[in-house]
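Protein chains: 2
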Amino acid sequence: MKPSQASTELTPKGMATRERIVAAAAAEIFERGVARTSLDEVKAAAGVSSSQLYHYFADKHALVLAVIEHQTEAIIAAQQPLLGALDSLPALRAWRDLIVGIQTRLDCRGGCPIGSIGSELAETDPEARTFVLAGLNRWQGAIEQGLRTMRDRGELRAEADPEELALALFAALQGGFLLTQVERDTRPLEVALDAMLDHIASMTATPAA
Amino acid sequence: MKPSQASTELTPKGMATRERIVAAAAAEIFERGVARTSLDEVKAAAGVSSSQLYHYFADKHALVLAVIEHQTEAIIAAQQPLLGALDSLPALRAWRDLIVGIQTRLDCRGGCPIGSIGSELAETDPEARTFVLAGLNRWQGAIEQGLRTMRDRGELRAEADPEELALALFAALQGGFLLTQVERDTRPLEVALDAMLDHIASMTATPAA
DNA sequence: ATAAATATGGATTATCCAGTCCAAAACAGT
DNA sequence: ACTGTTTTGGACTGGATAATCCATATTTAT
């Protein structure tokens, strides 16, 4: 009766249908944005009817929230196992290459799957803003965790603040996504990440450069 | 007869009306995005009728292009005279403070006036993407110009690439805008810019740090 | 097997909104 | 003043689309 809940009161079949809807909506939103994604398109892509869509989601807004969560999980999963152990300069460089590779494969399209949604909805949908923030924080937190490990190990100087460095690196990532999307070239992403990684490298105990 | 042209064949009165429409649309788009901005709202805010709007713009798309140009000019103008002479570390730091101050005054709302539009339209409106790219490049070019002057003066080491540094700094700026908008806190913008400025400072001939 | 809950089909509605149309008014040049 | 151009008013249309509704099928539990 309460369709907004995610897991309970759903048979396996129902859960599968729900997932199909979310996945279809996520794909559509990724390449067209929230406002330009019509529920008719989502229904067609997922192969469901109106009543199914509204059985699992109260309205478009609720579906968008589910999409944000879905994309957050997808991002975290796509970057494992690297993202779980960003605790050395080589690991950070490898992670950089992974992200650049993904964007290359996407032809620089779409930008950040949740950042784009955040940008579109931040001023008009407070709840969506909160969900995007939670997703971004999980991502950023993984980076911070790695840097913290580096510092605890003595690879980063004691004065280096893992939280600040992670935030700065993450901002460079997001800006790189945007510029890469608008320019249709991965270079902004590469240059931004490299610059921030160099900055982090300069704070290592035994500077490589 | 050709309403897409900007300046010619318009009486002063006509130009004023056109500007009123663009300004109203720009304000609305800044805080709601393109798709969520209805032309009815624009008409009401500008105090014009349908025939006026369509007299000066072929369609919504054409109006959006004019808004992108308008916002580009506004950004450049708002950052003068600092933006025109970013040729020293103190100047760069002052510029950082100016931008952070602007976002503070805006309560962290809206993000980058053209970057947000780019994010929303990059995949669905190629022409808008091009216009946004042109605007971003003008902005980024001003930064690059300052860094180039620094290098020519010997304040930056010869190996430092002004174009790369400007691109990296600009990406940090855009990412900072986005995170600041989603978090409703200027800290991401501050941290991202400071980190990139520190990185630039580390490439000066006589390192201050 | 039967009843209750869950899942699905698809037509329908009510609203919003981009864009059109037919004028009329204001203005410019002569 | 006269004529053509520019500017303006505002009703109207066609289409898209989020959301509703009622009926039917399928599954689950006892």
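If you read the sequences in order, they're chains W and G.
Reminder that position 98 of the first sequence reads as 98 in the numbering used here, one-by-one numbering, no gaps.
Reminder that position 117 of the second sequence reads as 326 in the numbering used here, one-by-one numbering, no gaps.
Glycine included, each C-beta is placed from N, C-alpha and C at the ideal position.
So is residue i buried or exposed if we call it buried at 16+ other beta carbons inside 10 Å?
i: D296 (chain G); result: buried
i: D125 (chain W); result: buried
i: M15 (chain W); result: exposed
i: G17 (chain W); result: As written in the sequence, residue 17 (chain W) is Thr, which differs from the Gly given in the question. When all chains shown are included, T17 (chain W) counts as buried.
i: G47 (chain W); result: exposed
i: G324 (chain G); result: buried
i: T11 (chain W); result: exposed
i: S51 (chain W); result: exposed
i: P90 (chain W); result: exposed
i: R153 (chain W); result: exposed
i: R314 (chain G); result: exposed
i: T246 (chain G); result: buried
i: P81 (chain W); result: exposed
i: T130 (chain W); result: exposed
Do the CB positions of residue i and residue j come within less than 8 Å of each other?
i: A134 (chain W); j: P397 (chain G); result: no
i: L169 (chain W); j: M196 (chain W); result: yes
i: L39 (chain W); j: E127 (chain W); result: no
i: R393 (chain G); j: P371 (chain G); result: no
i: I341 (chain G); j: G327 (chain G); result: Before going further, note that residue 341 (chain G) is Val rather than Ile in the sequence given. Against a cut-off of 8 Å, the Cβ pair of G327 (chain G) and V341 (chain G) comes out as a contact.
i: A194 (chain G); j: G355 (chain G); result: Outside the displayed span of chain G (210 to 418) sits residue 194 (chain G), for which this structure offers no information.
i: G111 (chain W); j: F57 (chain W); result: no
i: L136 (chain W); j: V391 (chain G); result: yes
i: A35 (chain W); j: A303 (chain G); result: no
Please work out which residues of its chain come closer than 7 Å, Cβ to Cβ, to residue i, disregarding the five sequence neighbours upstream and downstream, and give them in chain order.
i: Q312 (chain G); result: T389, T395 and L398
i: E41 (chain W); result: E28
i: G175 (chain W); result: A192
i: A160 (chain W); result: R151 and M203
i: L292 (chain G); result: I285, W304 and A351
i: R347 (chain G); result: T281 and I285
i: S258 (chain G); result: K252
i: L307 (chain G); result: Q288 and L291
i: L435 (chain G); result: Residue 435 (chain G) lies beyond the stretch modelled for chain G, which goes from 210 to 418, so this question has no answer here.
i: K60 (chain W); result: L39
Grab me the residues of residue i's own chain with a C-beta within less than 6 Å of its C-beta, minus the 5 sequence neighbours each way, in chain order.
i: I200 (chain W); result: L165
i: R305 (chain G); result: L402
i: L92 (chain W); result: L86 and L197
i: A254 (chain G); result: A233
i: K13 (chain W); result: none
Here's a check: name, in chain order, each residue in its chain whose Cβ is nearer than 8 Å to the Cβ of residue i, leaving out the five neighbours to either side.
i: A367 (chain G); result: R360
i: C108 (chain W); result: T180, Q181, E183, R184, D185 and T186
i: P322 (chain G); result: A235, F239, Q280, A283 and I284
i: A414 (chain G); result: G363, E364, L365 and R366
According to DSSP, which residues form a beta bridge with residue i?
i: L156 (chain W); result: W:T204
Confirm the yes/no value for this check: CB of residue i, any heavy atom of the ligand COA, distance under 7 Å.
i: D40 (chain W); result: The ligand COA is not part of the structure shown, which contains no ligands of any sort.
**Request:** Please confirm if the segment 322-334 of chain G is in contact with the segment 28-38 of chain W, defined as three or more CB-CB distances below 8 Å between the two stretches.
**Result:** A contact exists between the segment 322-334 of chain G and the segment 28-38 of chain W.
**Item:** Segment contact flag, the segment 226-235 of chain G with the segment 274-291 of chain G, C-beta cutoff 8 Å, min 3 pairs
**Value:** The segment 226-235 of chain G is in contact with the segment 274-291 of chain G.
**Request:** Kindly confirm or deny that the segment 347-354 of chain G and the segment 285-295 of chain G touch, where touching means at least three C-beta pairs closer than 8 Å.
**Result:** The segment 347-354 of chain G vs the segment 285-295 of chain G: in contact.
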